[in-house]
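*Asks:* For reference, the structure I am asking about is given below.
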Amino acid sequence: MEPAIGSGLNTAVERYYDITLDLYEDLWGEHVHHGFWDPGEVPGLNGADRHAATDRLVRELVSYAAVPPGSRVLDVGCGIGGPALHLAGALGCTVEGVTLSARQAARANEKAQAAGVGERARFHQLDALGTGYPDESFGVVWALESLMHIADRVAFFAEAIRLLAPGGTLAVATWAVRDGELDEDERELVRQILVHQVMPDFSSLEEHERLARAAGFAEVATVDWSDAVANSWDPGFAQIQQFERGRSVMRDLARERGVDVLGFFHAGPLMKKGFDTGVITYGALRATKPRHGR
Ligand code: SAH
């Protein structure tokens, strides 16, 4: 298969994460994904519980997918390595992380060294659909909030099953969309989110489940975590207030890095509306590669 780095979408994703690396790191720390809160829990202003919540989401996915300690893991869309450092640290896994952004891969390697797990967590600039790893290389394929950026989800599940050893585990958490038809306003909201976040489209959780089964996975299950993660877009977040105050800060950033950087700021209110109206959903999927044939 032709590696897709260089294709239009992948170039845009690569650029987006290159130019927003520091913004995400300031806002979210080393985790480039939602937080997981208890029902009714509201994020505070100091960001401390936001970091605890993003940490918690990683633990929730480990536990939901039953990631075995010590596994060899492919981290699809590794960001700057936050989740991988947990897998390599607390769980004693060996992790190969791939991201389209060379800057993210470099930052993740730096963080792994600093955390003393540089031998067990390595990060590369690679397209997840063309990594070149041999068949059955991994015990776990882990994709935390990266599948929304991958247009060919049929190919993603096919590649995941190819790369997993028999009995291996697929663990996915992803933004999704409500199953079924959307009305015109809903479609427009989704369209804006997709444009700002450099995503081709969303699938519903039900669709993810169908695709995993069609690829040959067994024990496929999903869980809807929308209520637990929606608080991540609470407008009380210090950073978002800061940028609402300082439009000139955004203008300067856009001038310096290009207008794509603004997608980072537009996502907040749109995602909040998406969760409030139930159009945007969020969930996890777990599945197993059968041990004997299909
Ligand atoms: N999983 C990380 C980062 C999520 S951000 C975390 O939870 O912290 C989305 C990530 O997916 C980015 O690192 C982006 O580069 C990566 N990504 C998107 N499409 C990809 C593809 N086709 N191949 C590899 N990585 C991809």
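The letter at position 60 of the sequence shown is residue 104 when you use my numbering, and the numbering goes up by one with no holes.
We put the beta carbon where it would ideally sit given N, CA and C, even for glycine.
8 Å is my cut-off, CB to CB: does Thr55 come that close to chain B?
*Replies:* In the displayed structure, chain B is absent; only one protein chain is listed.
*Asks:* Beta-carbon separation of Trp219 and Glu189 under 8 Å?
*Replies:* Position 175 of the sequence shown holds residue 219. Position 145 of the sequence shown holds residue 189. Yes, the Cβ-Cβ distance between Trp219 and Glu189 is below 8 Å.
*Asks:* Which same chain residues, not among the five before or five after His193, have their C-beta less than 6 Å away from its C-beta?
*Replies:* Here residue 193 corresponds to residue number 149 of the sequence shown, with the count starting at 1. For His193, where only same-chain residues beyond five positions count, the Cβ hits under 6 Å are Val57, Met243.
*Asks:* Expressed to the nearest angstrom, what Euclidean distance is found between the alpha-carbon atoms of Val293 and Leu67?
*Replies:* Here residue 293 corresponds to residue number 249 of the sequence shown, with the count starting at 1. Here residue 67 corresponds to residue number 23 of the sequence shown, with the count starting at 1. Going by the C-alpha atoms only, they are around 12 Å apart.
*Asks:* If we count Cβ pairs, one from each stretch, closer than 8 Å, do we get three or more for the region 135-146 versus the region 111-126?
*Replies:* The answer is yes - the region 111-126 touches the region 135-146, with three or more Cβ pairs under 8 Å.
*Asks:* For a test of the three-state rule: what should DSSP assign to Leu329, helix, strand or coil?
*Replies:* Taking the first residue of the sequence shown as 1, we reach residue 329 at position 285. In this structure, Leu329 counts as strand in the three-state DSSP scheme.
*Asks:* Quick check on DSSP: helix, strand or coil for Phe167?
*Replies:* The residue you call residue 167 lines up with position 123 of the sequence shown. Strand at Phe167.
*Asks:* Which residue's Cα is closest to the Cα of Ala152: Leu173, Leu129, Gly133, Ala172?
*Replies:* Residue mapping note: residue 152 aligns to position 108 of the sequence shown, counting from 1. Cα-wise, what sits closest to Ala152 is Leu129.
*Asks:* Is His130 close to the ligand SAH? I mean its beta-carbon at under 7 Å from any heavy atom of the ligand.
*Replies:* Counting from 1 along the sequence shown, the entry for residue 130 is found at position 86. No.
*Asks:* Taking all protein chains shown into account, do 16 or more other C-beta atoms lie within 10 angstroms of the C-beta of Gln148, making it buried, or fewer, making it exposed?
*Replies:* Along the sequence shown, read from residue 1 onward, the residue named residue 148 stands at position 104. The residue in question, Gln148, is buried, as its Cβ has 16 or more Cβ neighbours within 10 Å.
*Asks:* Check whether the Cβ of His168 sits closer than 7 Å to any heavy atom of the ligand SAH, and report yes or no.
*Replies:* Working through the sequence shown from its first residue, we reach residue 168 at position 124. Because no heavy atom of the ligand SAH lies under 7 Å away, the Cβ of His168 does not count as near it: no.
*Asks:* Please give me, in chain order, every unbroken run of the beta strand (DSSP E) with length at least 3 that falls completely inside the region 217-271.
*Replies:* Taking only runs of at least 3 residues, the beta strand (DSSP E) segments lying wholly in the region 217-271 are 262-268.
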